[in-house]
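See structure below.
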Amino acid sequence: MKIARWMMVVTLVVLFSSPLFAAQFKMRISHQMPETHFLSDDVKAFKSLVEQKTGGKVAIEIYPAAQAFKPKETMNAVATGAIEAAVTTNFEWSGIIPAMDIFIVPFLVTKIPVIDKAASGEVGATLFKKMETKGVVPVMWMLQTRTNIYTSKDKPLIMPADFKGKKIRGTSKIMNLGSEALGAAAVPISGPEVHTALERGTIDIGLTGVDAALTRHYYEFHKYGTVSNNFTVIHVLFVNPTFWKSLPVDLQGAIRESAMTVQKKSLEDSENFKDTSVAELKKKMNVHMQTEQEEQAWQMVMQKPVLDYFLKITGKEGEELVDLISRIKR
4 MKIARWMMVV
14 TLVVLFSSPL
24 FAAQFKMRIS
34 HQMPETHFLS
44 DDVKAFKSLV
54 EQKTGGKVAI
64 EIYPAAQAFK
74 PKETMNAVAT
84 GAIEAAVTTN
94 FEWSGIIPAM
104 DIFIVPFLVT
114 KIPVIDKAAS
124 GEVGATLFKK
134 METKGVVPVM
144 WMLQTRTNIY
154 TSKDKPLIMP
164 ADFKGKKIRG
174 TSKIMNLGSE
184 ALGAAAVPIS
194 GPEVHTALER
204 GTIDIGLTGV
214 DAALTRHYYE
224 FHKYGTVSNN
234 FTVIHVLFVN
244 PTFWKSLPVD
254 LQGAIRESAM
264 TVQKKSLEDS
274 ENFKDTSVAE
284 LKKKMNVHMQ
294 TEQEEQAWQM
304 VMQKPVLDYF
314 LKITGKEGEE
324 LVDLISRIKR
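Counting in the working numbering, the sequence shown runs from 4 upward without gaps.
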């Protein structure tokens, strides 16, 4: 009898000390990146840190590759409580917060130290406050890439004149302005559709991050690629406010502490992933790394029209953000 009672006690101790029973809060996170992408690994690192620092009181479930919600659905899903948290890009946010396009102004926020200080400083805090007005609690920035590639079939794209009269993959209006300033005509095409567009010759120039150019096999149809650090794709992890308020202050602190660690990690991981992607692309196509002189030539024609448009749609708020970036660069 005593043995049976002792065994029951041991069983209960084991059960209630497992993560399933130890967790007081469940935090589900939706994101769009595939399992093989480094950002997916960074979300997993965030999960591990949070569960460790909260002593298992917060359990995290991850839904990658847009399994739970499509990128455009995540903001509403989190705001309404359909899911506790999500990660999505500055592109998605700029639809309701135009100031998020600060990262897309060519050559403005593209150096790692500048991105780091912008995200962790007043620029990031200002944008976080804007996100809070949309019914979410932003917690962390995660850098995807600052390095993009312009691919072509017949000859490399070195100077702005090489773009004249060419059809280039179009994305958002503000990004298209930069491409049009180079002399190209933007044709709106989503990421997954670019491979087919390259195959059919619908566009002459492919445009994407170096990581996506590799995984989406741009090299199968284009022989040349010019790599440029000319705009930044950055993600935000944001949380449902009701869920956030339900967390004790110490658990909120543990989550924010974990977020800061992973935010820094994403900067390093992005650069490492970029180097690996470029190295692999060089095995499959002729890759040209933009020189400082070429970068200046591109910046001279690309930056002003995009910056003018950015300031037009954001007003004083945009001016203040640009001023903050200028101070960081001094």
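Cβ atoms here follow ideal geometry from the backbone N, Cα and C, with glycine treated the same way.
Can you tell me which of the options puts its alpha carbon nearest to the alpha carbon of residue i?
{"i": "Gln147", "options": "Ile177, Met78, Ile331, Ala215", "result": "Ala215"}
{"i": "Gly3", "options": "Leu185, Gly186, Gly212, Glu183", "result": "Outside the shown range of the chain, which is 4 to 333, sits residue 3, and nothing can be said about it."}
{"i": "Pro364", "options": "Leu42, Asp45, Val61, Met178", "result": "As shown, the chain starts at 4 and ends at 333. That puts residue 364 outside it, with no answer to give."}
{"i": "Tyr227", "options": "Lys277, Val236, Pro244, Leu284", "result": "Leu284"}
{"i": "Ile206", "options": "Asn232, Trp144, Thr154, Leu327", "result": "Thr154"}
{"i": "Met292", "options": "Ile237, Gly168, Asn233", "result": "Asn233"}
{"i": "Ala26", "options": "Lys47, Glu54, Glu38", "result": "Glu54"}
{"i": "Glu297", "options": "Leu217, Leu160, Ala121", "result": "Leu160"}
{"i": "Leu52", "options": "Gln306, Arg333, Ser261, Ala282", "result": "Ser261"}
{"i": "Glu295", "options": "Val309, Gly209, Met162, Lys332", "result": "Met162"}
{"i": "Ile237", "options": "Ala121, Leu185, Glu183, Lys133", "result": "Ala121"}
Specify the secondary structure class of residue i as computed by DSSP and reduced to three states.
{"i": "Ala188", "result": "strand"}
{"i": "Met288", "result": "coil"}
{"i": "Val12", "result": "Note that Val12 has pLDDT 43, beneath the 50 cutoff, so the model's placement of it is unreliable and no number is given."}
{"i": "Met178", "result": "helix"}
{"i": "Gly209", "result": "strand"}
{"i": "Val265", "result": "helix"}
{"i": "Leu324", "result": "helix"}
{"i": "Arg330", "result": "helix"}
{"i": "Gly173", "result": "strand"}
Whole angstroms are fine: how far does the CA of residue j sit from the CA of residue i?
{"i": "Met36", "j": "Ile118", "result": "21 Å"}
{"i": "Ser175", "j": "Gly58", "result": "43 Å"}
{"i": "Met10", "j": "Lys29", "result": "Because Met10 sits at a pLDDT of 48, beneath the cut-off of 50, its placement in the model cannot be relied upon, and the point is left open."}
{"i": "Val139", "j": "Arg219", "result": "33 Å"}
{"i": "Glu223", "j": "Ile258", "result": "43 Å"}
{"i": "Asn275", "j": "Gln302", "result": "25 Å"}
{"i": "Lys277", "j": "Glu323", "result": "31 Å"}
{"i": "Arg172", "j": "Val230", "result": "15 Å"}
{"i": "Pro74", "j": "Met263", "result": "23 Å"}
{"i": "Lys47", "j": "Leu217", "result": "23 Å"}
{"i": "Thr136", "j": "Pro116", "result": "28 Å"}
{"i": "Val112", "j": "Thr150", "result": "12 Å"}
{"i": "Asp326", "j": "Ile152", "result": "28 Å"}
{"i": "Trp247", "j": "Met145", "result": "20 Å"}
Where are the alpha helix (DSSP H) runs, 4 residues long or more, that stay fully inside the region 116-157, in chain order? 125-135
If we count Cβ pairs, one from each stretch, closer than 8 Å, do we get three or more for the region 189-207 versus the region 127-141? no
Do the region 266-280 and the region 37-53 touch if we need at least three Cβ pairs shorter than 8 Å? yes
Given 8 Å as the limit, is there contact between the region 90-109 and the region 313-326, that is, 3 or more CB pairs closer than that? yes
Curious, which full-length beta strand (DSSP E) runs of at least 3 residues does the region 207-254 contain? 209-212, 227-231, 236-242
Evaluate the contact criterion for the region 87-97 versus the region 241-251: three or more CB pairs, one atom per stretch, below 8 Å. yes
Hey, which unbroken runs of the alpha helix (DSSP H) at 4 residues or more fall wholly within the region 65-109? 77-83, 93-97
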